[in-house]
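*Asks:* Numbering (the numbering used here), first residue to last: 13 to 166.
Just so you know, even glycine gets a beta-carbon here, dropped at the ideal spot from N, CA and C.
Remember, predicted model here, so these are calculated numbers, not experimental data.
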Amino acid sequence: MSIIMQKCLRFPLRMHVSGLFMRSTVQEHSAFRFAVQLYNTNQNMTEKPFHLNYNVDNLESSNSFAVTHAFCSQFSRGVYAIFGFYDKKSMNTLTSFCGALHTSFVTPSYPIDSDVQFVIQIRPPLKGAVLSLLSHYKWNKFVYLYDTDRGKSS
Numbered sequence: 013m014s015i016i017m018q019k020c021l022r023f024p025l026r027m028h029v030s031g032l033f034m035r036s037t038v039q040e041h042s043a044f045r046f047a048v049q050l051y052n053t054n055q056n057m058t059e060k061p062f063h064l065n066y067n068v069d070n071l072e073s074s075n076s077f078a079v080t081h082a083f084c085s086q087f088s089r090g091v092y093a094i095f096g097f098y099d100k101k102s103m104n105t106l107t108s109f110c111g112a113l114h115t116s117f118v119t120p121s122y123p124i125d126s127d128v129q130f131v132i133q134i135r136p137p138l139k140g141a142v143l144s145l146l147s148h149y150k151w152n153k154f155v156y157l158y159d160t161d162r163g164k165s166s
């Protein structure tokens, strides 16, 4: 029993998380702040064993230099996880840093096709669901509408 108590006493009472957001993603930044505030104001100690401290970097662009600078800045603060979005310009930089530094990157961005360690994708991949629908209903033709530039050639 004393070993369990010693382990619990070592667990930090404050955990540091961060956010990387483009300046244009005001709604996503607000949702992140709201989620942290909602968690921190929860009075149930079994649901909230620690307090979340957060820092946010707002990026002008997703070029590799800006992403590298922001990621290293957040990592130097001792964060346990980084929340944010990636696009085709920043994806390789972010996944590379996450793997090298063993830092989790939590994202609601559209899933990448390969399985990347330390990247937690909140949004499930759609390919399996679409293929299941096509197979189940035996559709030969269909139209798939989406509201993102993903897949658009540069």
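Quick check: G31 and F95, are their CB atoms within less than 8 Å of each other?
*Replies:* Yes; because the gap between Cβ atoms is below 8 Å, this pair is in contact.
*Asks:* For a minimum of 3 consecutive residues, which ranges assigned as the beta strand (DSSP E) are wholly contained in the stretch 51-126?
*Replies:* 63-71, 93-96 and 116-119
*Asks:* Tell me the rounded alpha-carbon separation between F117 and S42.
*Replies:* Between F117 and S42, the C-alpha separation is close to 18 Å.
*Asks:* In terms of residues, what are the limits of the alpha helix (DSSP H) holding L143?
*Replies:* K139 to Y149
*Asks:* Below 8 Å on the Cβ atoms is my contact criterion, and I expect S85 with D99 to pass it. Report the Cβ-Cβ distance as a whole number of Å.
*Replies:* With a Cβ gap of about 20 Å, S85 and D99 do not count as contacting.
*Asks:* Three-state secondary structure (DSSP) at Q39?
*Replies:* Q39 sits in a helix when the DSSP states are folded into three classes.
*Asks:* Could you name the residues of the same chain whose beta carbon sits closer than 8 Å to that of N52, not counting the 5 residues immediately before and after it, in chain order?
*Replies:* K60, H63 and L64
*Asks:* Starting from Q133, trace the beta strand (DSSP E) in both directions and tell me its first and last residue.
*Replies:* Segment V131 to Q133, the beta strand (DSSP E) holding Q133.
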